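Protein chains in written order, with this note's numbering: chain C, 1 to 209; chain U, 1001 to 1209. For glycine and all other residues, C-beta sits at the position ideal for the given N, C-alpha and C. As the structure is a prediction and not an experimental result, all values here were calculated from the model. Okay, structure first, notes after.
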DNA sequence: TCATTAATAAAACAAGCGTTCATTTAATTC
DNA sequence: GAATTAAATGAACGCTTGTTTTATTAATGA
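Pasting the structure below:
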C-alpha cells in the first residue's frame, strides 16, 4: 500500500503534534520512538519524515509553539489599566489557567530542554526570559510604588513562577477542586508573598474566566 | 587485560553512583548509555553489571538513597521544641540547604520518576509523601493554633515545596549570592505566604548552618 | 482523461542499545 | 607458593534506534 484513502497532510501533521506531546509528556523524549509515535498516529514511521525532518525538529517545533502560545496568551490577558496588584493577579491567574489547560505541553517544555541543540535551547530560553521579564517588571514597579514589600524582584519572580507552575504537578481537573478555586487560593498566597497591601479586588481577575 | 592494578569494588561502586548522578542529571536517564557511564568511570560497560543488575536498578538505587538522605536530614535538623513558625523555618532552611548541596541528585529524583517500574515508583512516592507530610503537619497545626493564616494546608504545602525546591533551577553557588542569603529571602517569602504573625526569630534557624 | 503532486507503505540501512559470557588478571588466604 | 576469590576485560548477542530509499496509491487540476 501507499497513500491511504482520505489522507490529508494538515490533519496528519496535527495528529503527529498531538500524539507527540502526549507521548513525550508521559514517557520522555528519549524514550519515545518514531515507530511508537507513528503507531499512535496510525501511520508508518517513514511518513513522519514528510512533516518533520528529524526527531529533534519535532521536539523543537512543539516547544516553540508552546512558548509562543504562552506569550500570546499573556498579551491578550494583560490588563490595559490597573495598579500593580491587579496586573500581578492577572498574570498569576492567566499563568495557572494556561498551564493547567496545557499540562502535557508544559511538561515537555520543562523536562526536555536538554535534548535540544545549543542554538535551539537558546531560542527557547530567550522566549522564556521574555515572558518572565513581564513578571519581574510588575514586581519591580510594585516595589517602587509601594504596592509590594519584597526583598528582590528577580528572586521573587522565580519563586512565584515555580510556585504557580507547580500546580500542574499535583492538580488534576475533574476532582473535587476546580481550577478557579485553586487559582483563588494561589492568588491569595501570591499577594501575601509579595507583601501586598490588603486587596479588595480579589475576584476581579477571575470574572472573565 | 582483566582485573586492573589497585582496583577496589567499593571505590568503583561509589564512582559509578557518582558518575551516574552527574550524567543522568545532565542528559537524562534514557539518553545516558551504559557504555557512556562506564567510560566516565574508566571501566568497561560489562563491569557495571557486577554492581547493578540492570540500568533501572542503578536508577532506583540513586533515587532511594536520595530520599532516605533527605528524610534523615530533616530528622536530624528538626527542632525539639519551638512553635510552628520556628518549625516551618527550620523545614524551609533545611530543605533549601539539602537541595542546593545535591542539585544533580534532586534533578534525577524529580525528572526520572517515569523510568521506574510501577512498584518502584510507588516506593519512591511513599518516601516523598512521608517527607511532605511533615510540612503539612506543621502548616495544619500552625493554622489551628493561630500561628498561620492559610486557606488549605495541603495546597499550601505543595506551593511551598515547589517554590523552595525551585531554587536549584536558577541558583548557582559561587556567584554573587550565597546560599544563606537566598535562604533568608525564601524564609521571609514563606512566612508572609503562610500569613505568619511578625517573627523576630528570623536568624535563629541559620545560626547553626 | 491524463499528467502531476501529495501522502503513504514497505523494506532496508548502519549504528547503537542493554546485557551476557567466557576468560584473564590482581589480590587474598591458607 | 598454591588455591581461591574479587574485579575487570573483550567479544559477542539479539534487538531497536533514527533515518533513507524506493515504489505505489489517492487526490487534484487542466
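Going straight from the alpha carbon of residue i to that of residue j, what length do you get?
{"i": "residue 1163 (chain U)", "j": "residue 1170 (chain U)", "result": "12 Å"}
{"i": "residue 1133 (chain U)", "j": "residue 1072 (chain U)", "result": "14 Å"}
{"i": "residue 1194 (chain U)", "j": "residue 1064 (chain U)", "result": "31 Å"}
{"i": "residue 1038 (chain U)", "j": "residue 1012 (chain U)", "result": "10 Å"}
{"i": "residue 79 (chain C)", "j": "residue 188 (chain C)", "result": "19 Å"}
{"i": "residue 107 (chain C)", "j": "residue 23 (chain C)", "result": "11 Å"}
{"i": "residue 125 (chain C)", "j": "residue 25 (chain C)", "result": "19 Å"}
{"i": "residue 1206 (chain U)", "j": "residue 1093 (chain U)", "result": "A caution first: residue 1206 (chain U) carries a pLDDT of 49, below 50, which makes its placement in the model unreliable, though a value can still be read off. Rounded to whole angstroms, residue 1206 (chain U) to residue 1093 (chain U) spans 7 Å at the Cα level."}
{"i": "residue 142 (chain C)", "j": "residue 176 (chain C)", "result": "35 Å"}
{"i": "residue 43 (chain C)", "j": "residue 1181 (chain U)", "result": "55 Å"}
{"i": "residue 1053 (chain U)", "j": "residue 1196 (chain U)", "result": "50 Å"}
{"i": "residue 1048 (chain U)", "j": "residue 172 (chain C)", "result": "40 Å"}
{"i": "residue 81 (chain C)", "j": "residue 152 (chain C)", "result": "25 Å"}
{"i": "residue 1190 (chain U)", "j": "residue 1004 (chain U)", "result": "53 Å"}
{"i": "residue 1010 (chain U)", "j": "residue 1002 (chain U)", "result": "18 Å"}
{"i": "residue 1077 (chain U)", "j": "residue 1109 (chain U)", "result": "21 Å"}
{"i": "residue 1008 (chain U)", "j": "residue 1174 (chain U)", "result": "34 Å"}
{"i": "residue 144 (chain C)", "j": "residue 1144 (chain U)", "result": "36 Å"}
Can you check whether the CB of residue j is closer than 8 Å to the CB of residue i?
{"i": "residue 117 (chain C)", "j": "residue 56 (chain C)", "result": "yes"}
{"i": "residue 154 (chain C)", "j": "residue 136 (chain C)", "result": "yes"}
{"i": "residue 179 (chain C)", "j": "residue 97 (chain C)", "result": "yes"}
{"i": "residue 1019 (chain U)", "j": "residue 1035 (chain U)", "result": "no"}
{"i": "residue 161 (chain C)", "j": "residue 88 (chain C)", "result": "no"}
{"i": "residue 1062 (chain U)", "j": "residue 1017 (chain U)", "result": "yes"}
{"i": "residue 1028 (chain U)", "j": "residue 1111 (chain U)", "result": "yes"}
{"i": "residue 147 (chain C)", "j": "residue 83 (chain C)", "result": "yes"}
{"i": "residue 105 (chain C)", "j": "residue 21 (chain C)", "result": "yes"}
{"i": "residue 66 (chain C)", "j": "residue 102 (chain C)", "result": "yes"}
{"i": "residue 1192 (chain U)", "j": "residue 192 (chain C)", "result": "yes"}
{"i": "residue 168 (chain C)", "j": "residue 99 (chain C)", "result": "yes"}
Do we get a CB-CB distance below 8 Å when we pair residue i with the residues of chain C?
{"i": "residue 1156 (chain U)", "result": "yes"}
{"i": "residue 1070 (chain U)", "result": "no"}
{"i": "residue 1193 (chain U)", "result": "yes"}
{"i": "residue 1031 (chain U)", "result": "yes"}
{"i": "residue 1040 (chain U)", "result": "no"}
{"i": "residue 1166 (chain U)", "result": "yes"}
{"i": "residue 1027 (chain U)", "result": "yes"}
At the 8 Å Cβ level, is residue i part of the contact set with chain U, yes or no?
{"i": "residue 63 (chain C)", "result": "no"}
{"i": "residue 131 (chain C)", "result": "no"}
{"i": "residue 36 (chain C)", "result": "no"}
{"i": "residue 49 (chain C)", "result": "no"}
{"i": "residue 208 (chain C)", "result": "Unreliable placement is indicated for residue 208 (chain C), whose pLDDT of 39 sits below 50; the coordinate value is still reported in the next sentence. For residue 208 (chain C), the answer is no, since every Cβ of chain U falls outside 8 Å of its Cβ."}
{"i": "residue 14 (chain C)", "result": "no"}
{"i": "residue 56 (chain C)", "result": "no"}
{"i": "residue 18 (chain C)", "result": "no"}
Report the option in the options whose CA atom is closest to the CA atom of residue i.
{"i": "residue 157 (chain C)", "options": "U:1186, U:1046 and U:1197", "result": "U:1186"}
{"i": "residue 1130 (chain U)", "options": "U:1068, U:1178 and U:1087", "result": "U:1068"}
{"i": "residue 75 (chain C)", "options": "C:85, C:91, C:82 and C:84", "result": "C:91"}
{"i": "residue 1184 (chain U)", "options": "C:168, C:12 and C:150", "result": "C:150"}
{"i": "residue 1051 (chain U)", "options": "U:1014, U:1066 and U:1077", "result": "U:1014"}
{"i": "residue 32 (chain C)", "options": "U:1174, U:1053, U:1114 and U:1182", "result": "U:1114"}
{"i": "residue 127 (chain C)", "options": "C:190, C:144 and C:70", "result": "C:70"}
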